[in-house]
Amino acid sequence: MRLGIVSDCIHYKTADGRVGTENHILLRQLEALASHFSSVTICCPFDKTDRSKVISFYGNRSITFEPVPLAGGDTLKDKLRIISILPKWLKGFKTVSVKSDIVYQRFPNNLNIPGFLYFYLNHKKVFGTYTGTWKNYGGEPATYRLQKWVLKNYFKGPVWIYTDKDENNARFHAGFSPSYSEAEWREEVTQVAERIQRIKKVGMDHFRLITVGTLIDYKNQLTILKACLILKQQNFSFHLTVVGDGPMRTTLEQFVNDHQLASEINLVGKTNWSELRGLYREHDFVVQAPLFEGFGKVPVEGFFHGCIPVINNISMAKQMTGEEERGFLFDAADPVNLATTLSAIKNKIHLLPGMIQNGRSYAQSQTLEAWANNYYQTVTRYFEKA
357 MRLGIVSDCI
367 HYKTADGRVG
377 TENHILLRQL
387 EALASHFSSV
397 TICCPFDKTD
407 RSKVISFYGN
417 RSITFEPVPL
427 AGGDTLKDKL
437 RIISILPKWL
447 KGFKTVSVKS
457 DIVYQRFPNN
467 LNIPGFLYFY
477 LNHKKVFGTY
487 TGTWKNYGGE
497 PATYRLQKWV
507 LKNYFKGPVW
517 IYTDKDENNA
527 RFHAGFSPSY
537 SEAEWREEVT
547 QVAERIQRIK
557 KVGMDHFRLI
567 TVGTLIDYKN
577 QLTILKACLI
587 LKQQNFSFHL
597 TVVGDGPMRT
607 TLEQFVNDHQ
617 LASEINLVGK
627 TNWSELRGLY
637 REHDFVVQAP
647 LFEGFGKVPV
657 EGFFHGCIPV
667 INNISMAKQM
677 TGEEERGFLF
687 DAADPVNLAT
697 TLSAIKNKIH
707 LLPGMIQNGR
717 SYAQSQTLEA
727 WANNYYQTVT
737 RYFEKA
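Read in order, the letters of the sequence shown correspond to residues 357 to 742 in the working numbering.
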């Protein structure tokens, strides 16, 4: 069976013909899914690359690409540009339809709004993922709610969503977003065992914290930095590594400088997949404070490496942490709450080895293979019955 994929993930092509993206995890997911199909055609926007990009490259030769123009944004000019390039998008959809037996659409994005209509009117077999926050939230773009409405009422295939509640719709499935393979889970066995023994033997007087993600308002890294300032004022021993880049970087750097936190906080910028694995191994806690999020990959990545998540209590956070079986929750509306949560862990050090083991068990069910197998088997069964 041949697979087509429509995604707004930006891709790049180098002078020597290699194709890749800065979305390292999506690349790994699509390659895992591709193992179940004879060929894969990905319809996605391409952009020019430069030295600032940290790109992972595809290695699966069964994957080919159908480039379409990049478009998007919130301004009227952005929306008008979409109208002007719509014929090129439709041409891309047609090519994907011809080269595939079934199409995988990743929502929400501008590309899949006309994409839905095209494949719906052409009676194409489809399945989808909604990668954003499934529950409506304040300030949510109207186009996001439109796409959720379409998926609920008109989409003619299985849909995976990030939710901790059952949906009254047989087409909907609770999903997750994997980062690592089963083999990579096994690669961490030794260092996790050593981590647990260290904690049992000497405890933890110094907290090694890491936060990972685009430096943008709703990811809310500034709250984490404010909590760190409170911890410093309380003579709490810690170090925070901030991984990622984005429009908030200057603001975060200024905060660090203004409050003399350079010894405690390090902004390392973008990293590739292997560099990030190395950083996880050097830290004990993953701290994430997003104001809204569909599925937080970072806490699960932390589980793989033996890190304990300390995360804002939204969306699927409670399910991930398992009521303090695997991690800790806090209220990101107040940096004092995060500082208090971290301070309180000092009295729970004896619980951490068990939490690490519980997190590792949880992570083993969240592998790339498990994700791809679930998608393929569910889609196959659905269309066999249809």
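All C-beta atoms in this analysis are idealised placements derived from N, C-alpha and C, irrespective of residue type, glycine included.
Check: Below 7 Å CB to CB, which residues in the same chain sit around F686 once its five sequence neighbours on both sides are set aside?; Outcome: V666, N668, N669, N693, L694, T697
Check: Do the stretch 391–399 and the stretch 447–464 touch if we need at least three Cβ pairs shorter than 8 Å?; Outcome: yes
Check: Assuming the contact rule is C-beta atoms closer than 8 Å, G715 and F659 should be a hit. Round their C-beta distance to whole Å, please.; Outcome: 4 Å
Check: Alpha carbon to alpha carbon, how far is E631 from L507? Give it in angstroms, no decimals.; Outcome: 37 Å
Check: On the DSSP letters alone, give me the boundaries of the alpha helix (DSSP H) that W629 sits inside.; Outcome: 629–637
Check: What separation, rounded to the nearest whole angstrom, lies between the Cα atoms of G376 and Q385?; Outcome: 13 Å
Check: For T519, does the count of other Cβ atoms within 10 angstroms reach 16, so buried, or fall short, so exposed?; Outcome: buried
Check: For T420, list the residues DSSP reports as bridge partners.; Outcome: T397
Check: For a test of the three-state rule: what should DSSP assign to I621, helix, strand or coil?; Outcome: strand
Check: Would you mind working out which of K444, W445, F483 sits nearest Y460, comparing C-alpha positions?; Outcome: F483
Check: Three or more C-beta pairs under 8 Å: does that hold for the stretch 569–584 against the stretch 537–557?; Outcome: no
Check: Along the chain, where does the alpha helix (DSSP H) containing P470 start, and where does it finish?; Outcome: 468–477
Check: Quick one: grab the DSSP three-state call for S440.; Outcome: helix
Check: What is the DSSP secondary structure of T370, counted as helix, strand or coil?; Outcome: coil
Check: Would you mind reading off the limits of the alpha helix (DSSP H) that contains R605?; Outcome: 605–614
Check: Of the choices P655, Y368, L608, whose alpha-carbon is the least far from that of A618?; Outcome: L608
Check: If I follow the unbroken alpha helix (DSSP H) through N524, where does it start and stop?; Outcome: Element bounds for N524: n/a, residue is neither H nor E.
Check: Using the Cβ count rule (16 or more neighbours within 10 Å means buried), how would you classify T677?; Outcome: buried
Check: Using only alpha-carbon positions, find the residue among A388, S418, I712, N613 that is nearest to E680.; Outcome: I712
Check: According to DSSP, is Q733 part of a helix, a strand, or is it coil?; Outcome: helix
Check: Put P665 into one of helix, strand or coil per three-state DSSP.; Outcome: strand
Check: Under the three-state reduction of DSSP, which class applies to H562: helix, strand or coil?; Outcome: coil
Check: Tell me the DSSP secondary structure of H380 in three-state form.; Outcome: helix
Check: For Y486, which residues does DSSP report across the bridge?; Outcome: F463, I517
Check: Would you call P603 buried or exposed, if buried means 16 or more other Cβ atoms sit within 10 Å of its Cβ?; Outcome: exposed
Check: With 16 other CB atoms within 10 Å as the buried threshold, where does G531 fall?; Outcome: buried
Check: Quick check on DSSP: helix, strand or coil for L359?; Outcome: strand
Check: What would DSSP say about T567, mapped onto helix, strand or coil?; Outcome: strand
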